[in-house]
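513 is the number of the first residue of the sequence shown in my numbering; add one for each residue after it.
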Amino acid sequence: MNTLRKISSLSLVATSCAMFASSAYAELVVMQDDELSKATGEGLGLALQDFILDSDGAELKVTGIKDSNGGEIDIDWTSFYIMGEGSEKGSIATTTDIGSYLNPWVFRSVRGSRGLNEGDADYDERYTSIGNDVALLEIATDSYDNPVQQSAVFGEFSRYQGCVYGEQGCQDLGIDGAGDSAAERAIQSEINDLVDVRSDIQNRYGSSTAVSFIQNDINNVFTQEIQPRENTVANEQEDVGEAVTVARDAYQLMSDDERQITSFLTIPESCSRWFGAYQCDSDQEEDYADTVDVVNDEKAQLRAAKADLNAAMNDESYSQTGESYLTMVSDVNEFKSICGYGNQLADCEGGEISRKEGIRSDIETIALSLSNGQARRNGMDIGLTFEFNLNLAEGGTRDDFLDVDMRGVFIDGTSFKLWSRPSTDPSAPGSELLGELRLNLFAKELDIRACDDTVCNTEALREANTLNMDNFILSLNLGYGDVQPVKFSATSEGHFQLKLENPDWTSEYANPEGLSAEAFYQDYYENAPKSYLHIGDVRVGNTSLGSSTISGARAQYLSVTTRDL
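Shown next as structure tokens:
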């Protein structure tokens, strides 16, 4: 077990600190018994204003971690600060706010809303993925309705803007929030590209065509033309495998000397053909050469079967739509992705176009608000430094160093929900702990350095040995209520286990309305939150590695188990 051994000093300044019920925004006062009896349990809110945390030279040691040889690894946590933006890596005492009276961090127990109607008194849109028959415990950071203050949304604005708003050269906002800013132009360009794809699909089949009609055509062509050819390819592949096995056995029957000079599935050099038959130095070589010919013949038949299958997939004459099987499959999948699951090609009420139009609406609001003088709140500066003393395998020790500094950090919109359900594992009856994680992290700048100041003793050396990431945006979403919960458990060896399994439309908790499989998965793909990661610029020293974006990611299955080192 790790132990925290020493804290030599710790400076903590919090000039304004309050804990309060999340429904109360007035000045804190003592409540009488009759007032307390009327409390409805909205939860506990936390707000820290004008806050500074600075270790100020304190030393925190972590012990109990050993290397593979049983030697102790010394870890010194030499620096830790949380300050307001503009602290110059903790060198200037700058206060920050953690939540506020109107937007606190909260700890609360609430009831799920899955299965309720919008008119029900207990309905809350935020909890529609969790059944209304259970209460859940939620721990959440501050949240905002204004897109300018929502960091996950503002992070998207910054991504499309191409820079961090407020920095030099990042002022192109337009004047009216109606398509004139760089961010609006960028998102509109993406929407236009998707609309063009939709138009191409509609032009191929006619906008009044039903998606189900194309899908039926796909199924018919597959059953009549594609599947028989796929079976032929599978049979030919099996014949090749059997021929290779026979050839390998014949190869092993040759002498060691013969195998040394003959590559597998190659005719031995001593063999020649005479009236269609092989004549070699030994009978074993002749038998092996015959098997090589059989393998080559089977491979030729396999290539022909694959070519026939490929031709059938691209043949437009087999379908009623006049399009090839591959084109129809691609078009249906593309249409569902960009327009949702409507049955008419004229419909486009969901999918990627709708999602990006929603992002465009937020971007327009942000651009208009900023151009009219609305200010985005400042973030936090967070930094920590570790020093490691490692034992080397060849003897001796090595000192390592890690310094992490983050500027302009926001984590609003982050939440962690927990609830319980009966176990679905017959081998582990009882209840299981379920959860849902939403992690939003937006940092204007993230620096990671692994070079001690005694070695990197100049600014140039420190810069050359620093990994710098600008405009770092992470929105990590794991779990989607009862539909696809994160499951927490422990193994019999005492290890922690986290598992995210595929959604099960037959589960009464995941599907209390009894939706069909198609409707259930349509809801899942339309509403289950996706994750994205964006880094505006990655630099090592003065060398830029460009930007990186992972968008629209969703975990279908995930299993994590701790292990002893």
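Every residue gets a Cβ at the ideal spot worked out from N, C-alpha and C, and that includes glycine.
Note that the structure is a prediction, hence the values are computed from the model and not measured.
State the Cα-Cα distance for the pair residue i and residue j, rounded to the nearest angstrom.
| i | j | result |
| --- | --- | --- |
| S724 | R961 | 56 Å |
| D959 | A559 | 28 Å |
| G1006 | F1000 | 13 Å |
| E630 | D636 | 8 Å |
| E1030 | R867 | 21 Å |
| P1041 | G674 | 24 Å |
| T839 | Y1069 | 30 Å |
| T575 | A746 | 58 Å |
| N615 | W931 | 24 Å |
| N1078 | R1051 | In the structure as shown, the chain starts at 513 and stops at 1077, and residue 1078 therefore has no counterpart that could be examined. |
| A789 | A824 | 38 Å |
| E944 | N644 | 18 Å |
| V841 | Y992 | 29 Å |
| R1075 | Q1009 | 10 Å |
| E770 | L777 | 13 Å |
| Y537 | F928 | At Y537, the pLDDT of 40 sits below 50, so the modelled position is not reliable and the matter cannot be decided from this model. |
| D654 | G947 | 19 Å |
| D562 | D609 | 6 Å |
| T744 | W786 | 34 Å |
| S881 | Q736 | 59 Å |
| S1060 | L1045 | 8 Å |
| A633 | L1027 | 24 Å |
| G611 | Y656 | 10 Å |
| Q772 | D761 | 16 Å |
| G753 | L765 | 19 Å |
| S1063 | N1023 | 28 Å |
At what residues does the alpha helix (DSSP H) containing residue i begin and finish?
| i | result |
| --- | --- |
| Q796 | D795 to M825 |
| N952 | Note, N952: premise wrong, no alpha helix (DSSP H); beta strand (DSSP E) at S943 to R961. |
| V707 | A694 to Y717 |
| P740 | Q739 to L765 |
| A976 | E971 to A976 |
| A1031 | A1029 to N1039 |
| V733 | V723 to V733 |
| R771 | D768 to Q772 |
Looking at the secondary structure, which residues open and close the beta strand (DSSP E) in which residue i lies?
| i | result |
| --- | --- |
| G557 | L556 to D566 |
| R623 | W617 to R623 |
| A1002 | V998 to A1002 |
| S873 | Looking at the DSSP string, S873 is not in any beta strand (DSSP E); the run it does join, the alpha helix (DSSP H), is G863 to S883. |
| F928 | S927 to P934 |
| A664 | Element bounds for A664: not the beta strand (DSSP E) but the alpha helix (DSSP H), S663 to Q673. |
| Q791 | A789 to Q791 |
| F1008 | F1008 to L1012 |
| C1062 | The amino acid occupying residue 1062 in the given sequence is Ile; Cys does not appear at that position. Looking at the DSSP string, the run of the beta strand (DSSP E) that includes I1062 is S1060 to A1065. |
| V785 | Per the sequence shown, residue 785 should be read as Arg rather than Val. Run containing R785: S784 to W786, per the beta strand (DSSP E) assignment. |
| V1072 | L1070 to T1073 |
Name the DSSP beta bridge partners of residue i, please?
| i | result |
| --- | --- |
| I894 | I594 and M918 |
| K573 | D588 |
| M840 | Looking at the DSSP assignment, M840 forms no beta bridge with any residue, so it has no partner. |
| D1049 | D982 |
| E637 | Note: E637 sits in no beta bridge, so no partner. |
| G643 | R626 |
| I610 | L560 |
| T1055 | V1052 |
| R910 | L902 |
Check whether the Cβ atoms of residue i and residue j sit closer than 9 Å, and answer yes or no.
| i | j | result |
| --- | --- | --- |
| I594 | I642 | no |
| L464 | L949 | In the structure displayed, the chain extends from 513 to 1077; residue 464 sits before or after that span and is not available. |
| V844 | I703 | no |
| L821 | I738 | yes |
| V622 | L556 | no |
| F925 | S935 | The amino acid at residue 925 is misidentified as Phe; the sequence shows Gly. Not a contact, by the Cβ cut-off of 9 Å. |
| D915 | S567 | no |
| D982 | R974 | no |
| E798 | Q791 | yes |
| S849 | E835 | no |
| D994 | R620 | no |
| S693 | A879 | yes |
| R741 | A812 | no |
| G1053 | A976 | yes |
| S758 | R933 | A quick correction: the sequence has Val, not Ser, at residue 758. Not a contact, by the Cβ cut-off of 9 Å. |
For the ligand PLP, any of its heavy atoms closer than 8 Å to the Cβ of residue i?
| i | result |
| --- | --- |
| E600 | This structure simply doesn't include the ligand PLP, nor any ligand for that matter. |
If contact is defined by three or more beta carbon pairs under 8 Å, each pair taking one atom from either stretch, is the segment 874–894 in contact with the segment 665–674? At 8 Å Cβ cutoff, the stretches touch.
With three or more C-beta pairs closer than 8 Å as the rule, is the segment 697–705 touching the segment 1012–1029? The answer is no - the segment 697–705 does not touch the segment 1012–1029, with fewer than three Cβ pairs under 8 Å.
Three Cβ pairs or more, each shorter than 8 Å: is that satisfied between the segment 883–893 and the segment 916–928? Yes: the two stretches touch, three or more of their Cβ pairs being nearer than 8 Å.
contact_flag[the segment 648–655, the segment 584–591] where n(CB pairs < 8 Å) is 3 or more: No, the segment 648–655 is not in contact with the segment 584–591.
Please determine if the segment 847–860 and the segment 707–722 are in contact, where contact requires at least 3 C-beta pairs separated by less than 8 Å. The answer is yes - the segment 707–722 touches the segment 847–860, with three or more Cβ pairs under 8 Å.
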